[in-house]
Amino acid sequence: MDKVCTKCKELKSLSEFRKQSRTKDGHKYVCKPCDSAAARDRYSDKKKSYIKLVKEWQFNNTDKVKDYKKKYYRKVSKRKKETT
18 MDKVCTKCKE LKSLSEFRKQ SRTKDGHKYV CKPCDSAAAR DRYSDKKKSY
68 IKLVKEWQFN NTDKVKDYKK KYYRKVSKRK KETT
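In the working numbering, the protein residues as written are 18 to 101.
Pasting the structure below:
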């Protein structure tokens with residue numbers, strides 16, 4: 018099944034669209050490349066506010082951040098040991 022992207026107006030297969038349960042066909046109206054470009058633009062426009070939100074979340078959730086860092090360190094160090 019094919020679908021037309023509302024941004025670039027190109028006909029593409031459904032595999033080129035991200036899933037979204039709220040739409041009739043279960044896929045977004047914008048194709049993956051256009052969706053990614055829009056997300057990049059949105060991030061560059063609001064970069065400072067995104068960074069501020071992340072820092073606030075990290076400050077308010079220090080236990081979760083510590084747990085994540087421990088798990089990440091274990092995973093990476095295990096991978097390094099396997100490759101050497």
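The beta-carbon is built from N, C-alpha and C at its ideal position, and this holds for glycine as well.
Where does Ser53 fall in DSSP's three states? Along the sequence shown, one-based indexing puts residue 53 at 36. In this structure, Ser53 counts as helix in the three-state DSSP scheme.
Kindly list the residues whose CB is nearer than 7 Å to the CB of Glu33, restricted to its own chain and excluding five residues on each side of it in sequence; keep chain order. As a first step, residue 33 is located in the sequence shown; it is residue number 16 there, counting from the start. The residues are Cys48, Lys49.
Per-residue burial, Cys25 [other beta carbons within 10 Å of its own, 16 or more giving buried]: In the sequence shown, the residue the question calls residue 25 occupies position 8. So Cys25 counts as exposed.
Met18 and Leu28 look like a contact to me (Cβ under 8 Å); what is the Cβ gap, rounded to whole Å? For the purposes of this step, residue 18 is identified with residue 1 of the sequence shown, where counting begins at 1. For the purposes of this step, residue 28 is identified with residue 11 of the sequence shown, where counting begins at 1. Going by Cβ atoms, the distance from Met18 to Leu28 rounds to 11 Å, so no, they are not a contact pair.
What are the boundary residues of the alpha helix (DSSP H) that Arg35 is part of? Indexing the sequence shown from 1 puts residue 35 at position 18. Arg35: not part of any alpha helix (DSSP H); member of the beta strand (DSSP E) spanning 34 to 36, first to last residue.
Go ahead and pull the three-state DSSP assignment for Asp58. Within the sequence shown, the letter at position 41 stands for residue 58. Of the three classes helix, strand and coil, the one that applies to Asp58 here is helix, per DSSP.
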